[in-house]
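Report on the structure given below.
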Amino acid sequence: MIFLVKNNLIKGLEEGIRKIENFEIYSSTDVVVEGLRLLCNAFVYSSVLDEAIENCITVVQRLLKARPTSVMLSNSVRRILEKVNTLLKDGASLDELRGMVKEEYNSLVNNMNKALEAVALMGSKRIDDGDVILTNSYSRTVLTLLEKAWEKGIRFQVYVVESRPGSEGLFTASYLDNKGIPVTLFVDSAVRFFMKDVDKVFVGAEAIAANGAVVNKVGTSLIALAAHEARVRVFVVASTLKFSPETIFGELVKLMLRPIKRLPERIPVELSEVPAAEFPLFDVTPPEYIDAIITERGVVAPEAVILLVRDIYGWPPRLKKIADITSELKAMVQGGVK
Amino acid sequence: MKIPTQVLDIANDIRDMKIRGAGRIARSAANALKIAAELYEGSEKAEEFVNYMERIGSLLKSTRPTAVSLPNAVSYVLSRMRSCVERGGDFMEVKASTIKAAREFIESSINAVKLIGLIGSRILRNGDVVLTHCNSSAALSVLKHAKVQGKNIRVIATETRPRFQGYITYKALLNMGIKATLIPDSAVRFFMKDVDRVIVGADTVTANGAVVNKVGTSLIALAAHEARVRVFVAAESYKFSPATVLGELITIEERSPLEVVSKEYLASVKRVNVRNPAFDVTPPEYIDAIITEKGVIPAKAAILVLTEEYGRLIEEGLTKISLDLDTLP
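Taken in sequence, the protein lines are chains A and B. Residue numbering for the first sequence follows the numbering used here, starting at 1 and increasing by one per position. Residue numbering for the second sequence follows the numbering used here, starting at 1 and increasing by one per position.
What follows is the structure, encoded as C-alpha cells:
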C-alpha cells in the first residue's frame, strides 16, 4: 500500500516537473498553482510524518531547480515551509499538517487569483478606444486585463509577438481571437517594424527585482527597448507576489538557458546533427524602459518597487532562506519530532 | 517569341525564394538575361530582340519588390544593350553586347563579394564574437576571410524567423571551420553584452544611408547601439538604390502568413491577421559603416556610391522630372 502511494507521488511529481521544465505551462501563475499542488501531494501521499517532511523537502528542491526564476513560486513555497516549521515545533500530527497545507494552498491560489483580477482591473483602465496594444508570450494577467477592457466596451486591437522559443504567442492570439478581439500576429524580429503603430505595450512578469528590473519571457527587453526608442509606453502587470525580496541582499535572479532539443520543422538546410544553440527562456528588462508596474497594491514606478517590498516584508526585509528552513525541518525529523 | 522555360524557372525560383539573398538574386537575374539572349530564336532584327529582352527584364524585376540588386542587375545588362543600339549596332552586335554585359555583371558581383570579404575582414580582431542575421553571402565572405587570415572568431547566428535562414548560415560557418551558435531572434538583447561586432548584409541601401535588410536587422542594430557594439553592413555597390535619390520609397514586401504559422493554425482561428514583412529599415544612425567593394564608407555617405555608380541614371531621372515639371499647369 505504502509502495503504491509513493509511486503515485513520484509519478505525479515527475510529470509535473517535466511540464514546468519544458515550459508546457505558459502562464507563470499556472506554474505556481501546479508547483503548490505537487507540494500538497507530498503530504497527501505520505503515510507517516517523517516521510511527509522528506517528500516535502524533495518536492521543494525539485521545484526550485525546475523554475529558479519564479519568485512567486519561491515566495509561496517559503510561506508554506514556514508554517510547516511552526506546526512541527508545536508537535502537530501528519493529519494536521495535511489540513494546514491544503488550507495554505487554497489561500495562496485564492490570493494569486484575487491579485490577478485586481491588477487586470486597474490595468484595463489604461486602455483607450482605438489603441493598438502589443504583448508577447502568454500572460494570464494581460489576457484578463484585455478581456476586461473589451467587456467594458472599449474597442482596440492587439499585436501579438510569436515569442520563440515556445511560440506561445500563437495561443495568446487564438485566445484573444476567440473573445472577438482583433489580433495581428507576427514574428519576434518584426517588433521594431510594427512599433510605430503601437500605442502601449503590456507584458507580464516572471519576477521583479528590488531595483524594478523585470524578468520575463526572453524578448521582453528587446520589445521594451524598441518601445522606448519609439516613445511607446511600457506597462508591466504583476502581483507583488512576484517581487523578489532576496534581490535586496544582492542575490541575482537565476536565468535559464536551454540547449536546442530538436530542429524546427521546415528548416531550409540539412544538418547532420543538432546545432550548437543557446535558447534562453527569460531576459531582464531594465527599469528605465518601464513606465509603470501595475500591482494589486496600485500602479508604481519600477524604481518604487523597493517601497512595496518594505511594506510587505518589513525593513530591512525579514526573510528566512528556503534552504535554512528545510535544514531545520530535516534536523527536527531526524531529532525525533513525531 | 515565347520566354524560354529555363528563364521562367529562374524567375519562379526567385519569387519562391528558392534563390535568395540579394547578391544571389542579382547574379541569377543577370544569368537569366544571358540565357534568354543565347536562346533567342526570333527574327534577326535588333528591335525585336530588344523588345524581347525588355519583356524579360520586366518579368525578372517583378519577382521581388524590395531588393534593389535585382533591378540594378537588369538595368546593368539592358542599359549596355541599349547603348549598343544607340551606337548603331546590328542584331548580332546587340545580342553579343547583352551576353557580354550579363557575364561582366556576374563576374564583377562575385569579385565584389570577395573584395568585401578582404576589406571587411580587417575590421575583425582575433577573439571577436560576431553576431549575424539571416544568410548573407557578403557577410559570410567577411567572416571567411577573417578565418583565412588566422583570426579566431566566434559567431552568434540568429535563427531568423520565419524561414530559419540562420540555419543555412550556421552550416556554412561550420564548413568554414568557424565556431557558431544559433540563438532565437528574441534573444538578441540577451546576448548583445557578449558581442563585439555585428555584421549583416543588405538588400537595399537608400540615398540617406538607411539599410533595408531581412526583418529584425533594425532591432539588432538598435540593441547593438544600446550596448555600444559596432554595426557593419556588407553591401555590394549594386545594392544601392538610385531611385531613392529621386525620392522613391522602398516597398517592403509582405509575404504569406503560411511562412509564419501552419495551415492548421490559420484554420483554427477566426480572423487572426498574420503579417509577415520580409524586411525592415535600419536608420543610418545605428550603422557604423557600410563595407562595399569600393571601400568602407559611413552609411550617410551612401550618396557618394550612388552618384559614382549611377550618376548617369540619376541625371536621366532628374532630367525627366524637370521635363515633367514643365508640363505642369
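Every residue, glycine too, gets a C-beta built ideally from N, C-alpha and C. Predicted, not measured: the structure shown is a model, and the values here were computed from it.
Proximal chain B residues relative to residue i, where beta-carbon distance stays under 8 Å
i	result
residue 361 of chain A	The structure shown does not extend to residue 361 of chain A, since chain A is modelled only from 1 to 338, so the question has no answer here.
residue 173 of chain A	269 and 272
residue 218 of chain A	184, 186, 187 and 190
residue 229 of chain A	222
Pairwise C-alpha distance: residue j and residue i
i	j	result
residue 224 of chain B	residue 235 of chain A	24 Å
residue 206 of chain B	residue 240 of chain B	6 Å
residue 158 of chain A	residue 285 of chain B	30 Å
residue 127 of chain B	residue 113 of chain B	23 Å
residue 65 of chain A	residue 154 of chain B	31 Å
residue 293 of chain B	residue 24 of chain B	16 Å
residue 130 of chain B	residue 33 of chain B	37 Å
residue 3 of chain B	residue 42 of chain B	11 Å
residue 1 of chain A	residue 45 of chain A	Only weak support is given to the placement of residue 1 of chain A: the predicted model assigns it a pLDDT of 41, under 50, and the value that follows is read from those uncertain coordinates. Rounded to the nearest angstrom, the two C-alpha atoms are 11 Å apart.
residue 188 of chain B	residue 42 of chain A	40 Å
residue 278 of chain A	residue 17 of chain B	27 Å
residue 169 of chain B	residue 141 of chain B	11 Å
residue 78 of chain B	residue 1 of chain B	18 Å
residue 48 of chain A	residue 259 of chain A	40 Å
residue 53 of chain A	residue 59 of chain A	10 Å
residue 255 of chain A	residue 267 of chain B	36 Å
residue 288 of chain A	residue 224 of chain A	9 Å
residue 327 of chain B	residue 204 of chain A	59 Å
residue 8 of chain B	residue 103 of chain B	19 Å
residue 23 of chain A	residue 68 of chain B	42 Å
residue 226 of chain A	residue 12 of chain B	36 Å
residue 108 of chain A	residue 139 of chain B	53 Å
Own chain residues within Cβ distance below 8 Å of residue i, not counting five before or after
i	result
residue 50 of chain B	81, 82, 85 and 94
residue 297 of chain A	240, 308 and 311
residue 34 of chain A	16, 19, 20 and 25
residue 31 of chain B	10, 102 and 106
Sequence-distant residues of the same chain with beta carbon closer than 6 Å to residue i, five excluded per side
i	result
residue 6 of chain B	35
residue 290 of chain B	233, 235, 297 and 299
residue 322 of chain A	78
residue 161 of chain B	185
residue 181 of chain B	156
residue 12 of chain A	41
residue 242 of chain A	71, 72, 205, 207 and 208
Delimiting residues of the alpha helix (DSSP H) encompassing residue i
i	result
residue 75 of chain A	71 to 89
residue 6 of chain B	5 to 15
residue 192 of chain A	191 to 195
residue 33 of chain A	28 to 44
residue 166 of chain B	166 to 176
residue 282 of chain A	That residue, residue 282 of chain A, is in no alpha helix (DSSP H); its beta strand (DSSP E) goes 282 to 285.
residue 57 of chain A	49 to 66
residue 145 of chain A	140 to 151
Per DSSP, cross-strand counterpart(s) of residue i
i	result
residue 51 of chain B	Its beta-bridge partners do not exist; DSSP assigns none.
residue 280 of chain B	B/213
residue 197 of chain B	B/130 and B/230
residue 358 of chain B	No information on residue 358 of chain B is available, as it lies outside the stretch 1 to 329 that chain B covers here.
residue 279 of chain A	A/258
Closer than 7 Å at the beta carbon, the chain B residues around residue i
i	result
residue 184 of chain A	273 and 275
residue 225 of chain A	189, 222, 223 and 226
residue 280 of chain A	187 and 190
residue 192 of chain A	218, 219, 222 and 280
residue 189 of chain A	161, 185, 215, 216 and 219
First and last residue of the uninterrupted beta strand (DSSP E) at residue i
i	result
residue 157 of chain A	157 to 161
residue 216 of chain A	214 to 217
residue 293 of chain A	292 to 295
residue 330 of chain A	Counting along the chain, residue 330 of chain A falls outside any beta strand (DSSP E), though it belongs to the alpha helix (DSSP H) covering 322 to 334.
residue 320 of chain B	Where residue 320 of chain B is concerned, there is no enclosing beta strand (DSSP E), although the alpha helix (DSSP H) it sits in stretches over 302 to 327.
residue 289 of chain B	289 to 292
residue 235 of chain A	233 to 237
Within chain B, the residues that residue i reaches when beta carbons sit closer than 9 Å
i	result
residue 208 of chain A	The premise fails here: residue 208 of chain A is roughly 18 Å from chain B at the closest Cβ pair, so nothing lies under 9 Å.
residue 260 of chain A	182
Contact list for residue i against chain A, beta-carbon separation under 7 Å
i	result
residue 171 of chain B	269 and 271
residue 296 of chain B	The premise fails here: residue 296 of chain B is roughly 25 Å from chain A at the closest Cβ pair, so nothing lies under 7 Å.
Other residues of its chain near residue i: CB distance less than 7 Å, five sequence neighbours each side excluded
i	result
residue 147 of chain B	153, 176, 177 and 178
residue 188 of chain A	161, 162, 163, 164 and 219
residue 279 of chain B	66, 203, 212, 213, 214, 215, 252 and 253
residue 149 of chain B	121
residue 283 of chain B	210
Partners in chain A for residue i, counting only beta-carbon separations shorter than 8 Å
i	result
residue 168 of chain B	268 and 269
Chain E contact for residue i (CB, 8 Å cutoff)
i	result
residue 221 of chain A	Judged by its chain identifiers, the structure shown contains no chain E, and its protein chains are A and B.
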